[in-house]
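Read the structure below first, then the notes.
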Amino acid sequence: MLDRLPIGIKVFIAPAIIIALMLCVMLVSELAVRRQQAAFLQVVGGSLTTSTTTTRLLLAVADVQSEILRYLQLRQRLAAGETVLVDLSRSVISKYQLVDRLFLTVKSTSGAAESDAISNITDFLTIHRAVSLKIVDGAPVTNMTTSTLMAHYQQLQSYIVELATRSLESAQNSETETEKFIKNFSYYLLGGLIVIMAVSIFLTIYVGRAISKPITNMISVMSSIAVGNFAVSIPGMQRRDEIGAMARAVGVFATVSKQLRDREQSLVEARALAEGASRHKSQFLANMSHELRTPMNAILGYTELILDNIYGELADKMRAVLVRIQINGKHLLGLINDVLDLSKIEAGQLTLSAAEYSIKDVVHNVYGAVEPLARAKGLALTVQMPAKLPTAQGDERRITQVLLNLVGNAIKFTDKGDVAITVSSSELSFTVAIRDTGPGIALADQLKIFEEFQQADSSTTKKKGGTGLGLAISKRIIEMHGGQLRVDSEPGAGSTFYFTIPIKVGAELS
Amino acid sequence: MSKRVLVVEDQEDNREILRALLESIGHQMIEAFDGEAAVAKAIEYRPDLILMDIQLPVMDGYEATRRIRANVELRSIPIIVVTSYALSGDEEKARAAGCDAYVTKPYSPRELVAKINQFLK
Numbered sequence: 148m149l150d151r152l153p154i155g156i157k158v159f160i161a162p163a164i165i166i167a168l169m170l171c172v173m174l175v176s177e178l179a180v181r182r183q184q185a186a187f188l189q190v191v192g193g194s195l196t197t198s199t200t201t202t203r204l205l206l207a208v209a210d211v212q213s214e215i216l217r218y219l220q221l222r223q224r225l226a227a228g229e230t231v232l233v234d235l236s237r238s239v240i241s242k243y244q245l246v247d248r249l250f251l252t253v254k255s256t257s258g259a260a261e262s263d264a265i266s267n268i269t270d271f272l273t274i275h276r277a278v279s280l281k282i283v284d285g286a287p288v289t290n291m292t293t294s295t296l297m298a299h300y301q302q303l304q305s306y307i308v309e310l311a312t313r314s315l316e317s318a319q320n321s322e323t324e325t326e327k328f329i330k331n332f333s334y335y336l337l338g339g340l341i342v343i344m345a346v347s348i349f350l351t352i353y354v355g356r357a358i359s360k361p362i363t364n365m366i367s368v369m370s371s372i373a374v375g376n377f378a379v380s381i382p383g384m385q386r387r388d389e390i391g392a393m394a395r396a397v398g399v400f401a402t403v404s405k406q407l408r409d410r411e412q413s414l415v416e417a418r419a420l421a422e423g424a425s426r427h428k429s430q431f432l433a434n435m436s437h438e439l440r441t442p443m444n445a446i447l448g449y450t451e452l453i454l455d456n457i458y459g460e461l462a463d464k465m466r467a468v469l470v471r472i473q474i475n476g477k478h479l480l481g482l483i484n485d486v487l488d489l490s491k492i493e494a495g496q497l498t499l500s501a502a503e504y505s506i507k508d509v510v511h512n513v514y515g516a517v518e519p520l521a522r523a524k525g526l527a528l529t530v531q532m533p534a535k536l537p538t539a540q541g542d543e544r545r546i547t548q549v550l551l552n553l554v555g556n557a558i559k560f561t562d563k564g565d566v567a568i569t570v571s572s573s574e575l576s577f578t579v580a581i582r583d584t585g586p587g588i589a590l591a592d593q594l595k596i597f598e599e600f601q602q603a604d605s606s607t608t609k610k611k612g613g614t615g616l617g618l619a620i621s622k623r624i625i626e627m628h629g630g631q632l633r634v635d636s637e638p639g640a641g642s643t644f645y646f647t648i649p650i651k652v653g654a655e656l657s
Numbered sequence: 003m004s005k006r007v008l009v010v011e012d013q014e015d016n017r018e019i020l021r022a023l024l025e026s027i028g029h030q031m032i033e034a035f036d037g038e039a040a041v042a043k044a045i046e047y048r049p050d051l052i053l054m055d056i057q058l059p060v061m062d063g064y065e066a067t068r069r070i071r072a073n074v075e076l077r078s079i080p081i082i083v084v085t086s087y088a089l090s091g092d093e094e095k096a097r098a099a100g101c102d103a104y105v106t107k108p109y110s111p112r113e114l115v116a117k118i119n120q121f122l123k
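Chains as they are written, first to last, in the numbering used here: chain A, 148 to 657; chain B, 3 to 123.
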């Protein structure tokens, strides 16, 4: 049942019940106080009044009796009509009036327990009054009269005393009862308060747990989901309160998380598969290139031996054909070498062996290797370098390969003019620029030329030779050094290729 | 002056080229087809120079080079590693095994002759 109530309402249940209970206690206390008041009034206005009035009644009756006795004594000595007697008779009548008033009060305040005494007193008071009034009216007085009066008086007196005793007892009883009631009432009040406190504590704990327990459960469920345990069951999905809404939201969260994880897993698997496939392909290429070199070695080796006349003198026509075989064989070898390099890069097997080197030596070596080519084409090849260059760290062989490729390209594509190599250095890096006066490269082709098997114009491959892999390999080598290879060019205005590499390449590259 | 060169090579074509090359410059060629045979032939013939391939059956060129370097009597024979096994770090491995020079295939016979002459002077 509690599950259906919103937490917002549930929070108010405990205080509401506690307040209701406290109102009950207040009501009960109010009733008890009223009852106590009634009991007090009963003692003070009832039994106690009866008791004191009865005492006064007794005195008043005694007073009347003594007046009458005095009247009787004077009647024996004085004649009727004497002033003293008249005064006495009037006094007796007025004292009876007091007696009547007091008795009336006694009758009105006395309880049921005193009704016998009251009726007896009424009877004897009536007789006593009748006899007394007869005497003061001047009726003849005999000894008989006096003794009757005395007897009646004594009866009356004893009944009045009885009434006084009774009413006192009654007052004492109700006092005891009231005392008992007050005592019991304070016990009940204390008990009620204890019950309220117990109920309050129980309710607070119960409602508190009713709110906090599902939340705690939900937290542990969410923790489980967070660590990938999607099989965990989510409690409280059927609830109609906020916890139910939360549980359903967590359910959606778990489903989505699971989908995400599954998707991620399948992506990771797909990626691993793709990477594996790529690695296999690269490994295959690396192995193939290696296997291709062995027969190439035999072809080029025999060709060179024949051309060197080791197997005897060679006819000119045959020599010309063998030279063609040698040129084509070397081109094929270049392709194989480039493919091997590229596949090693792809397979992550090309690592740099970083060591100290002099960029100056690299430039001089490259210059020495390509200068004959430039000269053969009638191109000027110039080098500009600062006198002092810092000792660099990197893979000298690979950097030489890059520079050879760039300068070789420049000479290959330039028919007229010059090729200039410029080296400059900053604090942390140096830049090598290779400028030519060749045909230049259109902007659209400037990105393409760094991709594998791309030359600006595919017809140039046939005209100029080359594998179309050199720039791609060079770019990768420079990037492995933590540098950049770029080109500045405009069709008709020549090209400048330049690379910037850190002077010291980190030891992690070695 | 004729010298004895031990060629360790499992490929017949490559042996043939080296034979023609060595004979053209007047040296005698001894052949071994694998690493184990290379060590045995080195002990038997005491060559003046060894041309060592790396990828060999039975025992590879690295191990053969190490064995020859470990032998007190053979220790001083120069060894040129001639290999198409040219992945990065291979040269370091060959140098660590104890070779004196490292030539990758395919080589130009003329360049190889120049290298051989360096050690046979």
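For every residue, glycine included, the Cβ atom is placed at its ideal position computed from N, Cα and C.
Cut-off 7 Å between Cβ atoms - residues of its own chain near residue i, not counting five sequence neighbours on either side
i	result
V554 of chain A	V513, V517, V566, I568 and I581
E93 of chain B	Y104
L658 of chain A	Outside the modelled stretch of chain A, which goes from 148 to 657, sits residue 658 of chain A, for which no answer is possible.
S317 of chain A	S194, G258 and A260
P287 of chain A	none
Rounded straight-line distance, which links the Cα of residue j to that of residue i
i	j	result
T325 of chain A	M297 of chain A	42 Å
K524 of chain A	I70 of chain B	50 Å
Y335 of chain A	V172 of chain A	10 Å
A187 of chain A	M291 of chain A	For the sequence presented, residue 187 of chain A should be read as Phe rather than Ala. Rounded to the nearest angstrom, the two C-alpha atoms are 48 Å apart.
I372 of chain A	A392 of chain A	18 Å
T256 of chain A	R203 of chain A	14 Å
K609 of chain A	T529 of chain A	Note that K609 of chain A scores a pLDDT of 49, beneath 50, so its modelled location is shaky; the value from the coordinates is reported in the next line. Going by the C-alpha atoms only, they are around 28 Å apart.
F577 of chain A	Q631 of chain A	11 Å
A579 of chain A	F560 of chain A	What sits at residue 579 of chain A in the sequence shown is Val, not Ala. Those two C-alpha atoms are separated by around 19 Å.
R466 of chain A	Q548 of chain A	31 Å
T201 of chain A	D247 of chain A	12 Å
K254 of chain A	V208 of chain A	16 Å
P59 of chain B	I32 of chain B	18 Å
L420 of chain A	I620 of chain A	26 Å
T538 of chain A	A462 of chain A	52 Å
V354 of chain A	I341 of chain A	20 Å
V670 of chain A	G541 of chain A	Chain A is shown from 148 up to 657; residue 670 of chain A falls before or after that span and cannot be answered.
R151 of chain A	S370 of chain A	26 Å
I156 of chain A	S380 of chain A	27 Å
I650 of chain A	L499 of chain A	15 Å
D485 of chain A	I648 of chain A	22 Å
K563 of chain A	P638 of chain A	15 Å
L536 of chain A	L575 of chain A	12 Å
Q220 of chain A	I282 of chain A	12 Å
D388 of chain A	L170 of chain A	30 Å
Integer-rounded CB distance, given that residue j should sit under 8 Å from residue i
i	j	result
E599 of chain A	L439 of chain A	About 18 Å; that fails the 8 Å criterion.
E11 of chain B	L20 of chain B	7 Å
D36 of chain B	M54 of chain B	At roughly 11 Å, the Cβ-Cβ gap does not stay under 8 Å, so D36 of chain B and M54 of chain B are not in contact.
L452 of chain A	V509 of chain A	Incorrect: roughly 33 Å between the Cβ atoms, too far for contact.
I307 of chain A	L205 of chain A	5 Å
C101 of chain B	I81 of chain B	5 Å
V211 of chain A	K242 of chain A	5 Å
N16 of chain B	N444 of chain A	6 Å
V115 of chain B	I52 of chain B	Not really, about 16 Å apart at Cβ, beyond 8 Å.
L350 of chain A	I154 of chain A	About 15 Å separates the two Cβ atoms, so there is no contact after all.
Beta-carbon contacts of residue i that lie in its chain and below 6 Å, excluding the five residues immediately before and after
i	result
G339 of chain A	V172
S636 of chain A	G587, I588 and S642
E543 of chain A	Y504
A401 of chain A	I372 and F377
A34 of chain B	V10, A40 and K43
F644 of chain A	L553, I581 and V634
Near the ligand NAD: residue i beta-carbon under 6 Å from a heavy atom
i	result
M443 of chain A	Among the ligands in the structure shown, none appear at all, so the ligand NAD cannot be discussed.
Cutoff 8 Å; reference residue i; Cβ partners in own chain excluding five residues on either side
i	result
Y64 of chain B	I56, K95, A96 and A99
R217 of chain A	L235
S238 of chain A	E214
Residues, ordered as in the chain, of the stretch 426-449 of chain A that lie near chain B by beta-carbon distance below 7 Å: The stretch 426-449 of chain A vs chain B, Cβ under 7 Å: H437, R440, T441, M443, N444, A445, L447, G448 and Y449.
Where the stretch 17-30 of chain B meets chain A: residues whose CB sits under 9 Å from a CB there: When C-beta distances to chain A are compared with 9 Å, the residues of the stretch 17-30 of chain B below that value are E18, I19, L20, A22, L23, E25 and S26, in chain order.
In chain order, each beta strand (DSSP E) run of at least 3 residues that lies wholly inside the stretch 476-552 of chain A: Inside the stretch 476-552 of chain A, DSSP marks whole beta strand (DSSP E) runs of 3 or more residues at positions 502-504, 527-531 and 539-541, from first to last along the chain.
Chain-ordered residues of the stretch 451-470 of chain A with a beta carbon less than 8 Å from chain B: Flagged, chain order: E451, L452, D455, I457 and Y458.
Within 8 Å of chain A by C-beta, residues of the stretch 51-63 of chain B in sequence order: Going along the stretch 51-63 of chain B in chain order, one finds no residue with a Cβ nearer than 8 Å to chain A.
Residues from the stretch 472-486 of chain A in contact with chain B, defined by Cβ distance under 7 Å: Residues L480.
Members of the stretch 105-121 of chain B near chain A, C-beta cut-off 8 Å: K107, P108, Y109, S110, P111 and R112: these are the residues of the stretch 105-121 of chain B whose beta carbon lies less than 8 Å from some beta carbon of chain A, given in chain order.
Ordered list of alpha helix (DSSP H) runs contained in the stretch 290-346 of chain A, each at least 4 residues: Counting only runs of 4 or more, we get nothing.
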